[in-house]
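Visitor: Protein chains in written order, with the working numbering: chain B, 1 to 304; chain Z, 1001 to 1132. I'd like to ask some things about the structure below.
This is how it looks when you write it as structure tokens:
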């Protein structure tokens, strides 16, 4: 893989518009990362508006910082384990019931994994109910599909403080997805996480079968971004104690250090963090900053 | 009864389109990407700039992680290029171009991709097209 400076790349690409390319025997990949000057490197495409994440963060900061609110002068982060989250488990199987099944011990083990993972945060998780649906359409429902919307409309329980976990076999290389606390008010029925059933502890989705997909998605549900959010630049994941990361890590690349510039570049990549993409066996921690952010986000947007 | 059911599905489709933002995912490394796992990374997002010529393909990807990434593939033949492309995790066929392009070299709107990269200096990047 060869890195090409962004300016050279864009000059080259723009020149193609004027001088059609002749045959070239060399295959070459080039990638360049985002930077503050990206707007100047777009070869005629429109400059993006301020991104949604930054707008949401501004809104979050407006809501917090008031007395008795998170970030305010009299606000005290809540104690470890002091908030109990009710979990509504929705197991989706194929219509014949043969695929996608999870037993009560499987589900209890997943809840246990969540409680261990979040043990340095304010949250504990307790199973409120489990239901089973045999439905081929829901069993393969992907992200942002009509089937997902239909499934959630039929099954979702509780208010913004209720964690709804749907398990299915979504395909498309996905292990799961989640909604953010800040989205609850606009679309409460969509709220929750969807997880590949075989990613539950002891499932067949090795090396993603220790239950940490649910942990990762619950992290989003409580307001955490990926550790590679924003790449090396900007505010990243809006948490101070997670070093910036250029792009997701897979496997368990000990010592990976993908950012050398930027205000959060110091430190190696947070590959052990639950909010990266590394293998389940590699991820085992939430940072103190993430614990605080999840506390604040869940209080403001979920009333948890 | 079936008509009402279809109408409800249509409304749900519309709602899912309107609220198509904000969820975040976790990806697994696809089995067809032959790279040591520790060296893998990926970009997932929407293609925001696209140029395809006889011997090159250039993409700019606005990623879900809020970065802008670029990739340039050079190749001697279309067959060589097709080896680096997938369509929703299946081998890309010549007939798939019309699923992502409105005319030759012109990409349709809202075409998603995941680009798989290997930091071993040998393994070629793969582009998995994910029309949204």
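We put the beta carbon where it would ideally sit given N, CA and C, even for glycine.
For residue 297 of chain B, count neighbouring Cβ atoms within 10 angstroms of its own Cβ and tell me buried if that reaches 16, exposed if not.
Guide: Counting from one through the first chain, the residue named residue 297 of chain B turns up at place 297. With 16 or more Cβ atoms within 10 Å of its Cβ, residue 297 of chain B is classed as buried.
Visitor: Can you look up residue 157 of chain B in the DSSP assignment and give me helix, strand or coil?
Guide: Counting from 1 along the first chain, the entry for residue 157 of chain B is found at position 157. DSSP places residue 157 of chain B in coil when its eight states are reduced to three.
Visitor: Can the beta-carbon of residue 213 of chain B be found less than 8 Å from the beta-carbon of residue 175 of chain B?
Guide: Indexing the first chain from 1 puts residue 213 of chain B at position 213. Indexing the first chain from 1 puts residue 175 of chain B at position 175. Yes, the pair counts as a contact, with Cβ atoms nearer than the cut-off.
Visitor: Which class does residue 304 of chain B belong to by DSSP, given the choice of helix, strand or coil?
Guide: Sequence index remark: in the first chain, residue 304 of chain B carries index 304 (1-based). Coil, per DSSP.
Visitor: Specify, as a first and last residue, the run of the alpha helix (DSSP H) that residue 1082 of chain Z falls within.
Guide: Here residue 1082 of chain Z refers to the residue found at position 82 when the second chain is read from its first residue. Per DSSP, residue 1082 of chain Z belongs to the alpha helix (DSSP H) from 1078 to 1082.
Visitor: So what does residue 178 of chain B bridge to, in DSSP terms?
Guide: Walking along the first chain from the start, residue 178 of chain B turns up at place 178. B/193, Z/1024, per the DSSP bridge assignment.
Visitor: May I ask you to report which of helix, strand or coil DSSP gives residue 1038 of chain Z?
Guide: Residue mapping note: residue 1038 of chain Z aligns to position 38 of the second chain, counting from 1. Correct three-state label for residue 1038 of chain Z: helix.
Visitor: Taking its Cβ as the centre, do 16 or more other Cβ atoms sit within 10 Å of residue 90 of chain B, making it buried, or is it exposed?
Guide: Here the question's residue 90 of chain B lines up with position 90 in the first chain. Its Cβ being crowded by 16 or more others within 10 Å, residue 90 of chain B is buried.
Visitor: List, in order along the chain, the chain Z residues whose C-beta lies closer than 8 Å to that of residue 250 of chain B?
Guide: The sequence position of residue 250 of chain B within the first chain is 250, counting from 1. Near residue 250 of chain B (Cβ distances below 8 Å), the residues of chain Z are 1029, 1037, 1038, 1040, 1041, 1042.
Visitor: Would you say residue 34 of chain B lies against chain Z (beta-carbon separation less than 8 Å)?
Guide: Numbered from 1 along the first chain, position 34 holds the residue referred to as residue 34 of chain B. Below a pLDDT of 50, predicted positions are generally treated as unreliable, and residue 34 of chain B, at 32, falls in that range; no measurement from the model is reported.
Visitor: Could you check whether the Cβ of residue 188 of chain B sits closer than 8 Å to any Cβ belonging to chain Z?
Guide: On the first chain, residue 188 of chain B is found 188 positions in, with the first residue counted as 1. It does not: the Cβ of residue 188 of chain B has no partner Cβ on chain Z nearer than 8 Å.
Visitor: Is there a C-beta anywhere in chain B that falls below 8 Å from the one on residue 1089 of chain Z?
Guide: For the purposes of this step, residue 1089 of chain Z is taken as residue 89 along the second chain, with counting starting at 1. Chain B places a beta carbon closer than 8 Å to that of residue 1089 of chain Z, counting this residue as a contact.
Visitor: Quick one: give me the first and last residue of the alpha helix (DSSP H) that residue 59 of chain B is part of.
Guide: In the first chain, the residue the question calls residue 59 of chain B occupies position 59. From DSSP, the alpha helix (DSSP H) with residue 59 of chain B extends over 52 to 63.
Visitor: How close, in whole Å, do the beta carbons of residue 128 of chain B and residue 194 of chain B come, if the pair is a contact with beta carbons under 8 Å?
Guide: For this step, residue 128 of chain B is matched to residue 128 along the first chain. For this step, residue 194 of chain B is matched to residue 194 along the first chain. At roughly 18 Å, the Cβ-Cβ gap does not stay under 8 Å, so residue 128 of chain B and residue 194 of chain B are not in contact.
Visitor: At the level of alpha carbons, what is the spacing between residue 279 of chain B and residue 207 of chain B?
Guide: On the first chain, position 279 is the one that residue 279 of chain B refers to. On the first chain, position 207 is the one that residue 207 of chain B refers to. Looking at the two C-alpha atoms, the distance is approximately 6 Å.
Visitor: I want to see whether chain B comes within less than 8 Å of residue 1025 of chain Z, judged by CB atoms only; does it?
Guide: For the purposes of this step, residue 1025 of chain Z is taken as the residue at position 25 of the second chain. True, the Cβ-Cβ gap to chain B drops below 8 Å.
Visitor: Between residue 218 of chain B and residue 282 of chain B, what straight-line distance do the alpha-carbon atoms span, to the nearest angstrom?
Guide: In the first chain, the residue the question calls residue 218 of chain B occupies position 218. In the first chain, the residue the question calls residue 282 of chain B occupies position 282. Their Cα atoms are separated by approximately 18 Å.
Visitor: Would you give the residue range spanned by the alpha helix (DSSP H) that residue 212 of chain B belongs to?
Guide: Looking up residue 212 of chain B in the first chain gives position 212. Element bounds for residue 212 of chain B: 212 to 221.
Visitor: Could you spell out where the beta strand (DSSP E) holding residue 1072 of chain Z opens and where it closes?
Guide: Locating residue 1072 of chain Z in the second chain gives position 72, counting from the first residue. Element bounds for residue 1072 of chain Z: 1068 to 1074.
Visitor: Helix, strand or coil: which one does DSSP assign to residue 98 of chain B?
Guide: Looking up residue 98 of chain B in the first chain gives position 98. Of the three classes helix, strand and coil, the one that applies to residue 98 of chain B here is coil, per DSSP.
Visitor: Can you tell me whether DSSP reads residue 1127 of chain Z as helix, strand or coil?
Guide: As a working mapping, residue 1127 of chain Z is identified with position 127 in the second chain. Of the three classes helix, strand and coil, the one that applies to residue 1127 of chain Z here is strand, per DSSP.
Visitor: Going by C-alpha distance, which of B/96, B/117, B/108, B/56 is nearest residue 288 of chain B?
Guide: For the purposes of this step, residue 288 of chain B is taken as residue 288 along the first chain, with counting starting at 1. For the residues B/96, B/117, B/108, B/56, the minimum Cα distance to residue 288 of chain B belongs to B/117.
Visitor: Is the Cβ-Cβ distance between residue 1037 of chain Z and residue 1047 of chain Z less than 8 Å?
Guide: As a working mapping, residue 1037 of chain Z is identified with position 37 in the second chain. As a working mapping, residue 1047 of chain Z is identified with position 47 in the second chain. Not in contact: residue 1037 of chain Z and residue 1047 of chain Z (Cβ atoms no closer than 8 Å).
Visitor: Compute the Euclidean distance between the alpha carbons of residue 177 of chain B and residue 196 of chain B, then round it to the nearest angstrom.
Guide: On the first chain, residue 177 of chain B is found 177 positions in, with the first residue counted as 1. On the first chain, residue 196 of chain B is found 196 positions in, with the first residue counted as 1. Distance between the alpha carbons of residue 177 of chain B and residue 196 of chain B: 9 Å.
Visitor: Counting only C-beta atoms, is residue 1034 of chain Z closer than 8 Å to chain B at any point?
Guide: Taking the first residue of the second chain as position 1, residue 1034 of chain Z is located at position 34. With 8 Å as the cut-off, residue 1034 of chain Z does not count as an interface residue toward chain B.
Visitor: Mind listing the chain Z neighbours of residue 208 of chain B? Cutoff is C-beta to C-beta under 9 Å, in chain order.
Guide: Taking the first residue of the first chain as position 1, residue 208 of chain B is located at position 208. By Cβ distance, chain Z contributes 1026, 1028.
Visitor: Where residue 139 of chain B and residue 146 of chain B are concerned, what is the direct C-alpha to C-alpha distance, given to the nearest angstrom?
Guide: On the first chain, residue 139 of chain B is found 139 positions in, with the first residue counted as 1. On the first chain, residue 146 of chain B is found 146 positions in, with the first residue counted as 1. Each residue's alpha carbon lies about 13 Å from the other.
Visitor: Would a check of beta-carbon distances place residue 260 of chain B closer than 8 Å to chain Z?
Guide: As a working mapping, residue 260 of chain B is identified with position 260 in the first chain. It does not; no Cβ of chain Z falls within 8 Å.
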